[in-house]
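Student: Here it is: the structure, laid out below.
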Amino acid sequence: MAKDKPDMFAENKAIMPYGDSVGAPAIRPTNIGAFKQEKITKTNHYFEARFNEIKDEYKKLLEAFKWNDLVYSSDFRFEPIKGHTYHLYQKEDETLFLSLIEPDEWDMIFIGSFEMGSDDKWNKIN
């Protein structure tokens, strides 16, 4: 058996995963534990913050839904105009009604003031 190449010969030294001679530097695996831990911590903080943002957005959406449900289920005998302010009151029999009359103009149980937006959604006015 004839040898074409001498012992210890490597054709593509640049892509070898190990040194090709006794004098080559030792290759030791990098300790990536600290890198992983840092990235895990940062990623977990991101997901926690994003979860809290979504949870807060959900609470706001749920509150807006409840107010809209309350206003739309109240008694009103007029077609509300978008952009105008209306006031929600409670009668003695605990039914709700929507009115144009301001809260300081009469003695009724005032629930809140609302404005109908361009999307037909009632927006509570503080």
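Numbering-wise (my numbering), the sequence shown opens with residue 641 and increments by one. In this text, a Cβ means the ideal position worked out from N, Cα and C, and glycines have one as well. Here the structure is a predicted model, which means the values were calculated and not measured.
Would you mind reading off the limits of the alpha helix (DSSP H) that contains phenylalanine 737?
Tutor: Translated into the one-based positions of the sequence shown, residue 737 becomes position 97. No alpha helix (DSSP H) holds phenylalanine 737; the beta strand (DSSP E) holding it covers 736 to 739.
Student: Going by the DSSP bridge assignment, what does methionine 656 pair with across the sheet?
Tutor: Position 16 of the sequence shown, counting from 1, holds the residue named residue 656. Looking at the DSSP assignment, methionine 656 forms no beta bridge with any residue, so it has no partner.
Student: Straight-line CA distance for threonine 670 to histidine 685?
Tutor: The residue you call residue 670 lines up with position 30 of the sequence shown. The residue you call residue 685 lines up with position 45 of the sequence shown. Going by the C-alpha atoms only, they are around 26 angstroms apart.
Student: What are the start and end residues of the beta strand (DSSP E) that includes glycine 752?
Tutor: The residue labelled residue 752 in the question sits at position 112 within the sequence shown. Here the beta strand (DSSP E) through glycine 752 covers 749 to 756.
Student: Bridge partners for tryptophan 762 per DSSP, in chain order?
Tutor: The count along the sequence shown starts at 1 and reaches residue 762 at position 122. Partner(s): Met756.
Student: Is lysine 761 closer than 7 angstroms to tryptophan 707 when the C-beta atoms are compared?
Tutor: What you label residue 707 is simply residue 67 of the sequence shown in a count that begins at 1. What you label residue 761 is simply residue 121 of the sequence shown in a count that begins at 1. Their beta carbons are not under 7 angstroms apart, which means tryptophan 707 does not touch lysine 761 by this criterion.
Student: Residues bridged to tyrosine 729 by DSSP?
Tutor: Start at 1 with the first residue of the sequence shown, and residue 729 comes out as number 89. BP columns for tyrosine 729 point to Phe737 and Phe750.
Student: Using CA atoms only, rank isn't needed, just tell me which of Phe716, Gly723, Lys722 and Pro720 is closest to glutamine 730.
Tutor: Here residue 730 is taken as the residue at index 90 of the sequence shown, counted from 1. Considering only alpha carbons, the answer is Phe716.
Student: Drop a sphere of 10 angstroms on the beta-carbon of serine 714, count the other beta-carbons inside from all chains shown, and report buried for 16 or more, exposed for fewer.
Tutor: On the sequence shown, residue 714 is found 74 positions in, with the first residue counted as 1. Buried, because 16 or more other Cβ atoms sit within 10 Å of the Cβ of serine 714.
Student: By Cβ distance below 8 angstroms, which residues in the same chain neighbour tyrosine 710 in space, the five residues on each side in sequence not counted?
Tutor: Counting from one through the sequence shown, the residue named residue 710 turns up at place 70. Note that residue 710 is leucine in the sequence shown, not tyrosine. These residues qualify, in order along the chain: Leu728, Leu736 and Ile751.
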